[in-house]
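With my numbering applied, the sequence shown covers 1 to 150.
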Amino acid sequence: MPEASATVLVRQPLTTVWEYCLIPEHVAALTPGVIGVETVTDGPVTVGTVWRGQMKGLGRAVDWTGEFTRVDAHTTTEFSSTESPLEFAISATFAEVRRGVELTYRIRNAGVGGAVGKLADALAIRAYQRSLSANAKKLPRLVDEWAATR
Numbered sequence: 001m002p003e004a005s006a007t008v009l010v011r012q013p014l015t016t017v018w019e020y021c022l023i024p025e026h027v028a029a030l031t032p033g034v035i036g037v038e039t040v041t042d043g044p045v046t047v048g049t050v051w052r053g054q055m056k057g058l059g060r061a062v063d064w065t066g067e068f069t070r071v072d073a074h075t076t077t078e079f080s081s082t083e084s085p086l087e088f089a090i091s092a093t094f095a096e097v098r099r100g101v102e103l104t105y106r107i108r109n110a111g112v113g114g115a116v117g118k119l120a121d122a123l124a125i126r127a128y129q130r131s132l133s134a135n136a137k138k139l140p141r142l143v144d145e146w147a148a149t150r
């Protein structure tokens with residue numbers, strides 16, 4: 001599976017970063033290509049919580065649905081697509097450090113496969129990595145702005 005990842009330091013308490021990252025609209029701001037996310041199931045995010053959204057790629061928008069397969073409070077989340085034209089998985093790891101929280105965000109997809117697909121996957125994941133890194137750099141400011149309004 002092709003993978004892109006980014007790690008960023010957010011100078012906020014762990015609970016603030018955790019809460020921010022579990023709001024669907026905020027996930028859309030961090031994840032390249034995602035143009036909308038909404039919660040399908042009620043209640044706090046736990047294993048089995050379902051989200052659906054839309055992503056734009058190759059000039060078209062596609063719908064997807066997925067669920068959380070792991071939720072370790074203030075530590076780790078894992079989310080996998082259940083209905084999507086492109087299988088994907090996202091994980092987030094939260095590590096409390098002296099200056100705040102290091103968030104590592106990983107996105108994996110099934111890729112195209114095959115000889116031509118491997119080259120296309122490699123090119124696509126490089127471009128996606130650049131976008132993910134750029135979005136991650138904005139995250140500390142976005143969390144700070146959100147925390148100031150709470």
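Beta carbons: idealized from backbone N, C-alpha and C, even for Gly.
Run of the beta strand (DSSP E) containing residue i, from where it starts to where it stops
| i | result |
| --- | --- |
| L9 | 3-10 |
| V97 | 88-97 |
| T104 | 100-109 |
Residue range of the alpha helix (DSSP H) that includes residue i
| i | result |
| --- | --- |
| A29 | 24-30 |
| V45 | From DSSP, V45 is part of no alpha helix (DSSP H); its letter is neither H nor E. |
Per-residue burial, residue i [other beta carbons within 10 Å of its own, 16 or more giving buried]
| i | result |
| --- | --- |
| V45 | buried |
| T41 | exposed |
In DSSP terms, what residue i is bridged to
| i | result |
| --- | --- |
| E67 | V50, S80 |
| Y128 | The partner list for Y128 (beta bridge, DSSP) is empty, contrary to what the question assumes. |
| G36 | Q54 |
| V62 | M55 |
| D72 | T76 |
Proximal residues to residue i (C-beta, below 8 Å), its chain only, five neighbours per side dropped
| i | result |
| --- | --- |
| V17 | V10, F94, G100, V101, L103, V143 |
| G48 | T41, E67, F68 |
| A61 | I35, Q54, M55 |
Does the pairing of the segment 134-148 with the segment 6-21 give three or more beta-carbon distances under 8 Å? Enough Cβ pairs lie closer than 8 Å, so yes.
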